[in-house]
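Reading through the structure tokens given below for one structure.
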DNA sequence: GATACCAGAAATGCATACATTTCAGGAATG
DNA sequence: CATTCCTGAAATGTATGCATTTCTGGTATC
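See below:
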């Protein structure tokens, strides 16, 4: 029963998977990347409904993997789920973003505190110290180049990731990943922009001083001090955002800027 | 085109949706609830693979909504995603859980601090104070009853939710929801168990003193004090877990206890 | 006896098709 | 002129079936 063999028109036998673009990844994974990129670049109005059929056609896949991608982006905070009514693009107010930065600061503070409490031997700090020294070399006494800023961004995110590693808390790393999935909440969200701002160099130097003090505090197992430095360090991002708001037209260089409603 | 009308055997015309159980919700939503319940009750070994076909048959639905449910539970932290290899039940070590409680304490600390900083008029504290008074009435000078504990749990979670409301931070509420989706990280995870433990009454009184001090600190806009009280308050959950580990056999009453590998 | 190899089985990934619900617009009514 | 009701179109929800990948167990080879 069930009419397996004699089914005359079983669909169309689509050559799924290796459609026409890069292969090796699943359709759902590619859809997630593509959609996130579209969202960050502001191709959807905040509050706009994400219609599945046109979207699937646009991305060249069916609704099933698209659905999974939408589900993931909703959990990342880009979309809101309305049962039986689909997904709609989330919008973010300025206080939202300040709170996201504050929250990241709080989590990084906890990471720094745990790192200070849990470090066992001085050698564990080597990676952190080396990254700090590299950033010093990239900034101090030099004019900023585009390449230099790119390298700084790389070292900076590895620096912050290393503190998470030293904290030895899987839950904390997960929580941090969920916060920083929003582009403007991540540690290097405003660094690209910073490059063109007049006070750039000063803010880089302040950041570096924060890093230096963080390494020192963690090495000395001064958990409370490490925590408050990390919190203050996150406020640099807020200053960058504020100056971006003032200098009109620069917002273009800030990732996800178009998602911010003023 | 597409052979719409003359399609002879288009499947089976299943009467989907209102299958046989409660209706009004989607299959995916019901699957999420059912699976989460199964996971928390320990029906899956940590590390066990979640095979979709048997699971779908067991839950009485097809693989598509089941997939969505699995995806959600993975984002909640119950499952791990292995591309092309399905979902496997996550396992949690004791340090994981301590860290989850610590993390929740950190977030509640931030919520209490923000509440203290952002409160504008004294009347806003009324709900919080009323909930506190109710809890006092339920505990002080009384023998614990099962019903009383249930009511305490209700007031307690509303108390913690109210602090989040007073913090006026959507991001923070989201972050807290993501942490407390793990059963043993939530504020009332160990309260059921507490009822039978010998030191129950003392821990309830300590919690109530924390609540009292929290209301006082928030009302006086003492942000730093509110923060540290909230952090210390979360440690009560840790004490409960520790005493649950000692008293053998009581773990059954702790939600998600079977997910903890020792 | 251990490793490599190789079917067959089973599991995931996804496209299609259909059922059900929601939405938009216009006609009818107050 | 505003409101309600209705109807067709469109959108989401989900079951089925097939393609591809992964697993498993047995056999051959060293």
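Chains as they are written, first to last, in the numbering used here: chain A, 1 to 262; chain B, 1 to 262.
C-beta atoms are modelled at their ideal positions from N, C-alpha and C, and glycine is treated no differently.
Since this is a predicted model, take the numbers as computed values, not measurements.
Bridge partners for residue i per DSSP, in chain order?
i: residue 50 of chain A; result: A:87
i: residue 261 of chain A; result: A:93
Compute the Euclidean distance between the alpha carbons of residue i and residue j, then round it to the nearest angstrom.
i: residue 99 of chain B; j: residue 66 of chain A; result: 35 angstroms
i: residue 102 of chain A; j: residue 156 of chain A; result: 18 angstroms
i: residue 45 of chain A; j: residue 201 of chain A; result: 35 angstroms
i: residue 163 of chain B; j: residue 128 of chain B; result: 8 angstroms
i: residue 142 of chain A; j: residue 91 of chain A; result: 39 angstroms
i: residue 199 of chain B; j: residue 139 of chain B; result: 13 angstroms
i: residue 159 of chain B; j: residue 210 of chain B; result: 12 angstroms
i: residue 49 of chain B; j: residue 88 of chain B; result: 4 angstroms
i: residue 35 of chain A; j: residue 42 of chain A; result: 11 angstroms
i: residue 152 of chain A; j: residue 236 of chain A; result: 15 angstroms
i: residue 207 of chain B; j: residue 230 of chain B; result: 10 angstroms
i: residue 95 of chain A; j: residue 52 of chain B; result: 42 angstroms
i: residue 219 of chain B; j: residue 228 of chain A; result: 24 angstroms
i: residue 258 of chain B; j: residue 83 of chain A; result: 32 angstroms
i: residue 176 of chain A; j: residue 131 of chain B; result: 32 angstroms
i: residue 30 of chain A; j: residue 173 of chain B; result: 30 angstroms
i: residue 239 of chain A; j: residue 180 of chain B; result: 32 angstroms
i: residue 69 of chain B; j: residue 72 of chain A; result: 12 angstroms
i: residue 55 of chain A; j: residue 256 of chain A; result: 20 angstroms
i: residue 27 of chain B; j: residue 38 of chain B; result: 16 angstroms
i: residue 252 of chain A; j: residue 124 of chain B; result: 40 angstroms
i: residue 9 of chain B; j: residue 62 of chain B; result: Bear in mind that a pLDDT of 33 at residue 9 of chain B, under 50, signals an unreliable position, so the model cannot answer this.
i: residue 217 of chain B; j: residue 115 of chain B; result: 10 angstroms
i: residue 74 of chain A; j: residue 144 of chain B; result: 42 angstroms
i: residue 47 of chain B; j: residue 203 of chain A; result: 46 angstroms
i: residue 111 of chain B; j: residue 221 of chain B; result: 13 angstroms
i: residue 190 of chain B; j: residue 148 of chain B; result: 15 angstroms
i: residue 188 of chain B; j: residue 97 of chain B; result: 14 angstroms
i: residue 58 of chain A; j: residue 32 of chain A; result: 13 angstroms
i: residue 135 of chain A; j: residue 195 of chain A; result: 15 angstroms
i: residue 182 of chain A; j: residue 243 of chain B; result: 39 angstroms
i: residue 150 of chain A; j: residue 186 of chain A; result: 15 angstroms
i: residue 212 of chain B; j: residue 165 of chain B; result: 18 angstroms
i: residue 178 of chain A; j: residue 171 of chain B; result: 11 angstroms
i: residue 126 of chain A; j: residue 234 of chain A; result: 23 angstroms
i: residue 197 of chain A; j: residue 246 of chain A; result: 11 angstroms
i: residue 241 of chain B; j: residue 232 of chain B; result: 15 angstroms
i: residue 254 of chain B; j: residue 40 of chain B; result: 10 angstroms
i: residue 93 of chain A; j: residue 133 of chain A; result: 37 angstroms
i: residue 260 of chain A; j: residue 184 of chain A; result: 10 angstroms
i: residue 224 of chain B; j: residue 214 of chain A; result: 21 angstroms
i: residue 167 of chain A; j: residue 118 of chain A; result: 7 angstroms
i: residue 169 of chain B; j: residue 122 of chain B; result: 19 angstroms
i: residue 262 of chain B; j: residue 192 of chain B; result: 22 angstroms
In the region 137-170 of chain A, which residues sit with their C-beta less than 7 angstroms from some C-beta in chain B, listed in chain order?
169 and 170
Suppose only complete runs of 4+ residues qualify. What are the alpha helix (DSSP H) ranges in the region 185-255 of chain A, listed by chain order?
191-194, 200-219 and 223-246
I'd like the ranges of any beta strand (DSSP E) spanning at least 3 consecutive residues and lying wholly in the region 129-156 of chain B.
none
Every unbroken alpha helix (DSSP H) inside the region 55-88 of chain B [4 residues or more]
For the region 55-88 of chain B, whole alpha helix (DSSP H) runs of length 4 or above, ordered along the chain, are 63-76.
Closer than 8 angstroms between beta carbons: that is the criterion. Which residues of the region 67-94 of chain A meet it against chain B?
67, 68, 71, 72, 75, 77, 83 and 84
With three or more beta-carbon pairs closer than 8 angstroms as the criterion, would you say the region 105-118 of chain A touches the region 67-87 of chain A?
no
Tell me which residues of the region 106-126 of chain B have at least one Cβ-Cβ distance to chain A shorter than 7 angstroms, keeping chain order.
106 and 110
What residues from the region 172-188 of chain B come within 9 angstroms of chain A, judged by C-beta to C-beta, listed N to C?
Within the region 172-188 of chain B, the residues whose Cβ lies closer than 9 angstroms to some Cβ of chain A are 172, 174, 175, 178, 179, 182 and 185, listed in chain order.
Which residues, in chain order, does the region 33-44 of chain A contribute to contact with chain B at a C-beta distance below 9 angstroms?
Close to chain B, meaning a Cβ-Cβ distance shorter than 9 angstroms, is no residue of the region 33-44 of chain A at all.
Return the residues of the region 211-231 of chain A that lie within a Cβ-Cβ distance of less than 8 angstroms from chain B, sorted by chain order.
none
The region 43-66 of chain B: which residues have C-beta closer than 9 angstroms to a C-beta of chain A, in chain order?
64
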